[in-house]
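Written out below as structure tokens is the structure these notes cover.
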């Protein structure tokens, strides 16, 4: 992901809220940024308000994470 204002790039994993750990770059899908990225594709730009500031990001790449042991949902 790229911050369109600063050009800074970074990566993180979207996770369920109970697995979120921002210091480990694990963001909740219910956080403002996580929710904005759900359904995004490579090249998409998303806008989100963080701490009262409008922020714009570009998705540079996506990678599907391997499910963690015990996290699979059985139907």
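In my numbering, the protein residues as written are 139 to 213.
Positions of the beta carbon are idealized from the N, C-alpha and C atoms, including for glycine.
Source: prediction; values computed, not measured.
CA nearest to the CA of residue i, picked from the options
i, options, result
"residue 177", "199, 147, 188", "199"
"residue 286", "171, 195, 146, 159", "The structure shown has nothing for residue 286, since the chain only spans 139 to 213."
"residue 182", "174, 168, 189", "174"
"residue 146", "170, 197, 202", "197"
Collapsed DSSP secondary structure at residue i in the structure displayed
i, result
"residue 160", "helix"
"residue 171", "helix"
Bridge-paired residues (DSSP) for residue i
i, result
"residue 195", "141, 184"
"residue 152", "165"
Sequence-distant residues of its chain with Cβ nearer than 6 Å to residue i (five each side left out)
i, result
"residue 185", "194"
"residue 150", "163, 165"
heavy atom of the ligand HEM below 8 Å from residue i C-beta
i, result
"residue 157", "Summarising the ligand content, the structure contains no ligands, and the ligand HEM is consequently not present."
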